[in-house]
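Residue numbers (full-length UniProt numbering): 48 to 352. Just so you know, even glycine gets a beta-carbon here, dropped at the ideal spot from N, CA and C.
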Amino acid sequence: AHSYTKYNSWDKIQSWIASISSANSALISKQVIGNTYEGRPMTVLKLGKRSSSTKPAIFMDCGIHAREWISPAFCQWFVKEALSTYGSDSQMTSLLNQMDVFVLPVFNIDGYDFTHKSNRMWRKTRSRKSGSSCIGADPNRNFNAGWCTLGASSNPCSDTFCGYSPESEIEVKNVADFIRRNKSIIKAYITVHSYSQLLLFPYSYTYDLAADHSELLKVAQGASAALRSLYGTRYTSGPGAATIYPAAGGSDDWAYDLGVKYSYTFELRDTGRYGFLLPESQIKPTCEETMLAVKYIAAYVQKNL
Ligand code: 0X9
Ligand code: ZN
Ligand code: ZN
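As structure tokens, then:
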């Protein structure tokens, strides 16, 4: 059965998506934004109170990288918390009254399924192309932001293969199309990875500072402080290139250059003791503390609409 404190398989997440949306139709709707390479449906959940006017929105995705299992666990947690605290938590109530939150629980579904069935450390998509026996591209090197210029590989066998062209990965194209289509309402982009305990923002494809650098840093530091207030977990905030490493083709830089100012990449727990193999006993504390950071960013965005 599905559990918020376990790493659920894709099959369990898929049935959870169906049941949670049908049981909460006043606050959730779902839409398929396309299929993965292997044909699995990519479903975006829209959380928010129904409104007659179009609402500004936040887009959040989890599971761009297959082996980062705490990430999809967080998106599921976020949906549960949003539903269970709407009406009692004043911040969540106000957020979902005024804005919508689009949640893509698993971005790289084919890769995620592969990590459950065959290779726990798989990172990339599962696309194939004739001419190479190596499988998949790194979805976070496949966005059209300084594509394949830095910190990415043009070798299909590399774990950071940028793909054959920008958006060559259908999962990337589906998400990019969705965000482009909803560009006028999307005010923030949040993408959840692991691990290293970082809160990153543009740029990663250059060491140049973003035009909104000081505001992005201020909000990241506030979010990190909120996260730390629960269990003392320390996060470092900063632009990707200088804080983790330069790497082009990422979703955060792409969304920012499209015009989504508040664009953040979370690298959740831990700092390397367990790494991608974070024990299930840490799902709850990791998600609870991360909720505080995401809610901090959301509240800031809402206040500055
Ligand atoms: O390298 C990545 O894609 C991310 N780290 S991970 O260990 N989860 O793979 C960091 C992404 C930072 N942003 C960009 N490079 N645009
Ligand atoms: Zn990642
Ligand atoms: Zn809670």
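**OP:** May I ask you to verify whether the stretch 232-248 touches the stretch 312-320, counting CB pairs closer than 8 Å and requiring at least 3?
**Re:** yes
Subject >> Nearest-angstrom Cα separation, counted from glycine 319 out to valine 79 >> reply: 35 Å
Original post:
Who are the Cβ neighbours of threonine 253 in its own chain at under 6 Å, not counting the five residues just before and after it?
Top reply: none
Original post:
Taking the C-alpha atoms as reference points, what is the distance between lysine 350 and aspartate 147?
Top reply: 14 Å
**OP:** Pick out whichever of Arg97, Ser100, Ile75 and Val91 has its Cα sitting closest to the Cα of asparagine 82.
**Re:** Val91
Original post:
Within the present structure, is the beta-carbon of serine 251 separated from the nearest heavy atom of ligand 2 by less than 8 Å?
Top reply: no
Subject >> isoleucine 217 versus isoleucine 117 - alpha carbon distance >> reply: 23 Å
Subject >> Short Cβ contact (9 Å threshold) for serine 284 with leucine 305 >> reply: Not in contact: serine 284 and leucine 305 (Cβ atoms no closer than 9 Å).
Original post:
In this structure, does DSSP put asparagine 221 in helix, strand or coil?
Top reply: helix
**OP:** Would you mind working out which of Ser56, Ala294 and Tyr292 sits nearest serine 165, comparing C-alpha positions?
**Re:** Ser56
Subject >> Pair within 9 Å by beta-carbon distance, lysine 308 and aspartate 259 >> reply: yes
Original post:
If you draw a straight line from the C-alpha of valine 150 to the C-alpha of isoleucine 111, how long is it?
Top reply: 13 Å
**OP:** Inspect the beta-carbon positions of serine 76 and lysine 93 and report whether they are closer than 9 Å.
**Re:** yes
Original post:
Using the beta-carbon count (16 or more within 10 Å), is residue 34 buried or exposed?
Top reply: Shown here, the chain extends from 48 to 352; a query on residue 34 therefore has no answer.
Original post:
So, are the CB atoms of lysine 230 and leucine 352 less than 9 Å apart?
Top reply: In this structure, leucine 352 does not lie closer than 9 Å to lysine 230 by Cβ.
Original post:
Going straight from the alpha carbon of threonine 280 to that of leucine 246, what length do you get?
Top reply: Going by the C-alpha atoms only, they are around 12 Å apart.
**OP:** May I ask you to check if the CB of glycine 297 is nearer than 8 Å to at least one heavy atom of ligand 1?
**Re:** yes
**OP:** Whole angstroms is fine: what's the gap from tyrosine 133's alpha carbon to serine 212's?
**Re:** 42 Å
Subject >> Integer-rounded CB distance, given that glycine 183 should sit under 8 Å from glycine 296 >> reply: About 14 Å separates the beta carbon of glycine 296 from that of glycine 183, a gap too long to meet the 8 Å contact definition.
Subject >> Start and end residues, beta strand (DSSP E) containing alanine 104 >> reply: Note, alanine 104: beta strand (DSSP E), 104-109.
**OP:** Using alpha carbons as the reference points, say which of Asp224, Asp206, Arg170 and Ser310 lies closest to phenylalanine 323.
**Re:** Arg170
Original post:
Is arginine 167 near arginine 114, with beta carbons less than 9 Å apart?
Top reply: yes
**OP:** Would you check if the distance between the CB atom of phenylalanine 154 and the CB atom of valine 266 is smaller than 9 Å?
**Re:** no
**OP:** Go ahead and label tyrosine 292 buried or exposed: buried means 16 or more other beta carbons lie within 10 angstroms of its beta carbon, across all protein chains shown.
**Re:** exposed
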